[in-house]
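A.B. asks:
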Amino acid sequence: MRSDTQPLLEAFFRSLTQASQSLLLLDYDGTLAPFRKERDQAVPYPGVASALQAIMGEGHTRVVIISGREAADIRPLLGIQPSPEVWGLHGLQRVKPDGSSEILQPDERTLEVLLAAGEWLDHQHLRHMAEFKTGSIAFHWRGLGECEAEEVRGRVLAGWLVIAERAGLDLLEFDGGVEVRASQADKGDAVRAILREMEANTPAAYLGDDTTDESAFQALQGRGLSVLVRPRWRQTAAQLWLKPPDELLSFLARWLRACRAGAASGKTAAAVKR
Ligand SMILES: [Mg+2]
Numbered sequence: 034m035r036s037d038t039q040p041l042l043e044a045f046f047r048s049l050t051q052a053s054q055s056l057l058l059l060d061y062d063g064t065l066a067p068f069r070k071e072r073d074q075a076v077p078y079p080g081v082a083s084a085l086q087a088i089m090g091e092g093h094t095r096v097v098i099i100s101g102r103e104a105a106d107i108r109p110l111l112g113i114q115p116s117p118e119v120w121g122l123h124g125l126q127r128v129k130p131d132g133s134s135e136i137l138q139p140d141e142r143t144l145e146v147l148l149a150a151g152e153w154l155d156h157q158h159l160r161h162m163a164e165f166k167t168g169s170i171a172f173h174w175r176g177l178g179e180c181e182a183e184e185v186r187g188r189v190l191a192g193w194l195v196i197a198e199r200a201g202l203d204l205l206e207f208d209g210g211v212e213v214r215a216s217q218a219d220k221g222d223a224v225r226a227i228l229r230e231m232e233a234n235t236p237a238a239y240l241g242d243d244t245t246d247e248s249a250f251q252a253l254q255g256r257g258l259s260v261l262v263r264p265r266w267r268q269t270a271a272q273l274w275l276k277p278p279d280e281l282l283s284f285l286a287r288w289l290r291a292c293r294a295g296a297a298s299g300k301t302a303a304a305v306k307r
C-alpha cells in the first residue's frame, strides 16, 4: 500500500468505528479469489471467507458481492453460511441472502444478437471457450500462451464487434477475456442502486481488480472508499491499491476490528437493511 494513502484509510476506519452500519462491496474473481483456469474451482484466498463471515457476524456491515458471473456460481465458491447478498451479471441479477432473486430480463434484440454471437463462435470452433450467461456471453482466453491469446482476442473482438454494433450492445473487455452484453447495467449502476438503499452517511467501500470495476469506483466518488485489489498496480479511478492476499486480509481484519471497537464503545447495533 502506498504510504500517502494511509491518512485516507485511517479516516475511513475511524468513521467505520463510529457508524452504526456500513457497506462492504466486493468483486469476486481476482479480488477475493485468485484466478483459476478452472473457473468452477476459483475459491477465495485462505482466510478471506472466514474474515467476511466474522464481519457479517458482527451485524453492522451489509456485505454485497458484485460479480460479472451468474450469482448462483458465487455462493458455493464463497462458502459462507448464510450467504451474503450477491449481485451477478454486472448488476443485472440480484440474489438476496434468503436465496430469492430478481433479474432484469434482456430484451428481444439483445437475445437475437447473443444468438448470432454464439453462432459466430460455432463457425470459428471457439464455443468451448465461452461462458453463456443470462443476457451475455463471456469469452475467456486465460490460460492460453501469449501469442495464441493475442490471436484469438483479435479474432473474437473483430467478429463480435460487427454483431454487437447491430443492436447497440457493449463489448466489455476484462482481464483474460471479453464479454458481449446488454448495455442495461454495469457495476456502477449496481453500486448506485445499493447506495440508494442505505443512509446517506453510511461508510462504504468497494474492492475490485478489473476494468469492469472502474464504473463501480467512479460511482463511489465522493461517497466511499474505492480500492484496487491486484498484484500489480494499473491506471485506475480507485483511491487505494492493495496487493492480495496479505494486504486484503489486513484490510478485512481492520474492518472487523473497527466493527468490534464500535460495538465495545456502545454504538447502537442498527439492523442492516437488505
Ligand atoms: Mg474481478
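Those letters in the sequence shown? Residues 34 to 307, per the working numbering, in order.
Note that the Cβ used here is the ideal one computed from N, Cα and C, for glycine as well.
Treat the numbers as computed from the prediction; the structure is a model and nothing was measured.
For the alpha helix (DSSP H) that contains residue 220, what are its first and last residues?
C.D. replies: Residue 220 -> alpha helix (DSSP H) spans 220–229.
A.B. asks: In the DSSP output, which residue or residues are listed as bridge partners for residue 53?
C.D. replies: Answer is none; residue 53 lacks a bridge partner.
A.B. asks: Note down the Cα distance separating residue 41 from residue 150, rounded to an integer number of angstroms.
C.D. replies: Going from the Cα of residue 41 to the Cα of residue 150 covers about 44 Å.
A.B. asks: Let me check understanding here. Comparing Cα to Cα, which of 222, 262, 237, 274 lies closest to residue 249?
C.D. replies: Of 222, 262, 237, 274, the residue nearest in Cα terms is 222.
A.B. asks: With a cut-off of 8 Å on the beta carbons, I'd call residue 48 and residue 236 a contact; round off their distance for me.
C.D. replies: About 5 Å; that satisfies the 8 Å criterion.
A.B. asks: Below 8 Å, can you find three or more Cβ-Cβ pairs linking the segment 120–138 to the segment 68–85?
C.D. replies: These segments do not touch.
A.B. asks: Could you give the DSSP three-state label for residue 281: helix, strand or coil?
C.D. replies: Residue state, collapsed to three classes: helix.
A.B. asks: Here's the rule I'm using: 16 or more other beta-carbon atoms within 10 Å means buried, otherwise exposed. How should residue 179 be labelled?
C.D. replies: Looking at its Cβ environment, which holds fewer than 16 other Cβ atoms inside 10 Å, residue 179 is exposed.
A.B. asks: Along the chain, where does the beta strand (DSSP E) that runs through residue 203 open and close?
C.D. replies: Taken as a continuous stretch (DSSP letters only), the beta strand (DSSP E) holding residue 203 covers 203–207.
A.B. asks: Would you identify the three-state DSSP class for residue 303, choosing helix, strand or coil?
C.D. replies: Low confidence applies here, because residue 303 scores a pLDDT of 46, under 50, leaving its location unreliable; read the following figure in that light. Note: residue 303 maps to coil in three-state DSSP.
A.B. asks: Rounded to whole angstroms, what's the CA-CA distance from residue 301 to residue 53? Just pull it up for me.
C.D. replies: Confidence is the limiting factor: at residue 301 the pLDDT is only 48, short of 50, which leaves the residue's position unreliable and the question unanswerable from this model.
A.B. asks: In or out: residue 264 buried (at least 16 other Cβ within 10 Å) or exposed?
C.D. replies: Exposed, because fewer than 16 other Cβ atoms sit within 10 Å of the Cβ of residue 264.
A.B. asks: Just reading off the beta strand (DSSP E) that residue 135 is part of, what are its end residues?
C.D. replies: It spans 134–136 - the beta strand (DSSP E) in which residue 135 sits, taken as one unbroken run.
A.B. asks: Give a yes or no on contact between the segment 238–257 and the segment 212–221, applying the rule of three or more CB pairs nearer than 8 Å.
C.D. replies: Judged by Cβ distances under 8 Å, the segment 238–257 makes contact with the segment 212–221, as three or more pairs qualify.
A.B. asks: Hey, how far is the Cα of residue 209 from the Cα of residue 297?
C.D. replies: Looking at the two C-alpha atoms, the distance is approximately 44 Å.
A.B. asks: Is residue 167 near ligand 1 - that is, is its Cβ less than 8 Å away from at least one heavy atom of it?
C.D. replies: No, ligand 1 has no heavy atom inside 8 Å of this Cβ.
A.B. asks: Where does the unbroken beta strand (DSSP E) through residue 262 begin, and where does it stop?
C.D. replies: Residues 258–262.
A.B. asks: Going by the C-beta, is residue 94 closer than 8 Å to any heavy atom of ligand 1?
C.D. replies: Because no heavy atom of ligand 1 lies under 8 Å away, the Cβ of residue 94 does not count as near it: no.
A.B. asks: So residue 312 is in the beta strand (DSSP E); what residue range does that whole segment cover?
C.D. replies: The requested residue 312 does not occur in the structure, where the chain is confined to residues 34 to 307.
A.B. asks: Quick one: Cα of residue 97 to Cα of residue 204, how far?
C.D. replies: Roughly 25 Å between the two C-alpha positions.
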